Amino acid sequence: MAHDWQPDFEQLVDEHQSMVYSLALRMTGDRGLAEEIAQDVFLELDRHLGKIETPQHACFWLRRVAMNRSADALRRRKVRRMDLWVEIEESHGVPAEERVSPLGARLEQLLATLPEPQRAALILRYQEDLTPEEIAATLEAPLATVKSHLQRGLKLLRAKAANHLREYVRQTEYVRGVRTDG
Amino acid sequence: MDDFEEKLKRSFERWPAPPSLKHRLMENRRRRKERPRWFALPREVLVAVSLCVFAGVFVALYGGLASYHAEQQRKGEAACQQVMTALRITGHALNHMNQQFAANGRAHHE
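Respectively, the protein sequence lines represent chains A and B.
130 is the number that our numbering gives to position 130 of the first sequence; each next residue is one higher, with no gaps.
Just remember that our numbering sits 1000 ahead of the position in the second sequence, which is counted from 1.
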């Protein structure tokens, strides 16, 4: 079937640069690397522009390539998960706390400590609002595997968030106690 | 979606892309388009051409070495033939001298 839509590279960049950059940044935790990945992804899109049929296809294609490139970059650089968020906050320019609540910022920090496949699934689920079926298609993984990553990742994140909250409450009570005693 | 998941969704908003990203990207794209055309060939074609060049060089080197060895062998065989001829001539000369010595000895006795 012939399609009337003609891809406009600059317009696609305008529409999707934030998505591609955010996926790469949350996956790698490195602002410079995320920018490099975003550049590579869009230059590859430019080479494959003739094969892109619809705006949805462009979006799906960009997500898939961004996730693949981020995974490749992680494999190459073997970035330690625990250090990811520190680097994001130090190098991004806009501190996480200014954009989201302290709990939200902490959730992003905790996300960076998850294993890579679980992190990828959660990012696509909650940043991109994709269904497990769409995530499976994007990551080219079996649906059951994606569902398992989502469940385990969410469980792990919930447990870590609960621990964090307990720690926060304990510290707050301790500070209150010290003030009362003083 | 429960409360925790809603929080996750709110926390995981997209980051704004750095303002320089698009500018650098468009600049890279322009430079890429200005490169010589063969740079823009698909990677598969470049790999195939490189493989052909390597195969050609390998065949040429192998052929050259084989031809060199054949030439050396031919020269060796020719030299061997010449040595054999020289030995045969020497053998004939020595036989002739022996015969003359023997004839002279017999004449002397008689």
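Ideal placement from N, C-alpha and C gives every residue a C-beta, glycine not left out.
Source: prediction; values computed, not measured.
What does a CB cutoff of less than 6 Å around residue i pick up in its chain, not counting 5 residues either side in sequence?
i	result
R26 of chain A	I123
P1042 of chain B	none
H16 of chain A	L62
Looking at C-alpha atoms only, which residue of the options is the closest neighbour of residue i?
i	options	result
A73 of chain A	A:L33, A:S22, A:Q151 and A:S18	A:L33
M1001 of chain B	A:W5, A:R77, A:Y126 and A:P55	A:Y126
R64 of chain A	A:T145, A:L157, A:E44 and A:D30	A:E44
I37 of chain A	A:N68, A:T54 and A:Q56	A:N68
Quick one: which chain B residues come within Cβ less than 8 Å of residue i?
i	result
D222 of chain A	Not covered by the structure: residue 222 of chain A. The range shown for chain A is 1 to 182.
I123 of chain A	F1012
L194 of chain A	Nothing can be reported for residue 194 of chain A: it is not among the residues displayed for chain A, which extend from 1 to 182.
R158 of chain A	F1004
Q39 of chain A	L1021, R1024, L1025 and N1028
Can the beta-carbon of residue i be found closer than 9 Å to that of residue j?
i	j	result
A24 of chain A	L107 of chain A	no
E1005 of chain B	L154 of chain A	yes
L1021 of chain B	Y174 of chain A	no
T28 of chain A	R77 of chain A	yes
L114 of chain A	L62 of chain A	no
S1011 of chain B	A105 of chain A	yes
W5 of chain A	E35 of chain A	no
A141 of chain A	F60 of chain A	no
Name the chain A residues that come within less than 7 Å of residue i, Cβ to Cβ?
i	result
P1016 of chain B	S18
For my contact list, residue i and residue j are in at a C-beta cut-off of 8 Å; report their separation, rounded to the angstrom.
i	j	result
E133 of chain A	L143 of chain A	6 Å
L157 of chain A	L103 of chain A	Going by Cβ atoms, the distance from L157 of chain A to L103 of chain A rounds to 12 Å, so no, they are not a contact pair.
L139 of chain A	A159 of chain A	Not quite, the Cβ-Cβ distance comes to about 24 Å (not below 8 Å), so this is no contact.
Q39 of chain A	R1014 of chain B	Incorrect: roughly 17 Å between the Cβ atoms, too far for contact.
A1017 of chain B	S18 of chain A	5 Å
V41 of chain A	A66 of chain A	5 Å
Q118 of chain A	H149 of chain A	5 Å
For residue i, which residues in the same chain have their Cβ closer than 7 Å to its Cβ, ignoring the five residues on either side in sequence?
i	result
L49 of chain A	P7 and F9
D46 of chain A	F9
I135 of chain A	A121, L124, R125 and V146
E90 of chain A	Reliability of the predicted coordinates at E90 of chain A is poor, the pLDDT of 49 falling under 50, and the value obtained from them is presented with this limitation in mind. Here the set comprises nothing.
K1009 of chain B	none
Residue i versus chain B: which residues are under 7 Å apart at the beta carbon?
i	result
V13 of chain A	K1022 and L1025
F60 of chain A	Result: empty, since nearest Cβ-Cβ is about 16 Å, beyond 7 Å.
D46 of chain A	R1029
Find the residues of chain A that neighbour residue i, judging by a C-beta separation of less than 9 Å, and give them in chain order.
i	result
K1009 of chain B	R125, Y126, Q127 and D129
R1074 of chain B	Within 9 Å Cβ-Cβ: nothing; R1074 of chain B doesn't reach chain A, min ~55 Å.
For a contact meaning CB atoms closer than 9 Å, what does residue i contact in chain B?
i	result
S22 of chain A	F1012, E1013, R1014, W1015, P1016 and A1017
E108 of chain A	S1011 and F1012
E35 of chain A	A1017, P1018, S1020, L1021 and R1024
G25 of chain A	The residue asked about is misnamed: residue 25 of chain A is Leu in this sequence, not Gly. Those are W1015, listed as they occur along chain B.
L165 of chain A	Residues of chain B passing the Cβ test: none, with the nearest at roughly 11 Å.
So with CB distances below 8 Å, who are the chain A contacts of residue i?
i	result
R1031 of chain B	The premise fails here: R1031 of chain B is roughly 10 Å from chain A at the closest Cβ pair, so nothing lies under 8 Å.
Near residue i, what residues of its chain come up, given a Cβ to Cβ distance below 8 Å and the 5 sequence neighbours on each side ignored?
i	result
H164 of chain A	R106 and L110
A1102 of chain B	none
Can you find a CB in chain E that lies within less than 9 Å of the CB of residue i?
i	result
R152 of chain A	Absent from the structure is chain E; the protein chains it does hold are A and B.
Is any heavy atom in the ligand PLP found nearer than 8 Å to the beta carbon of residue i?
i	result
C59 of chain A	Because no ligand of any kind appears in the structure shown, any question about the ligand PLP cannot be addressed here.
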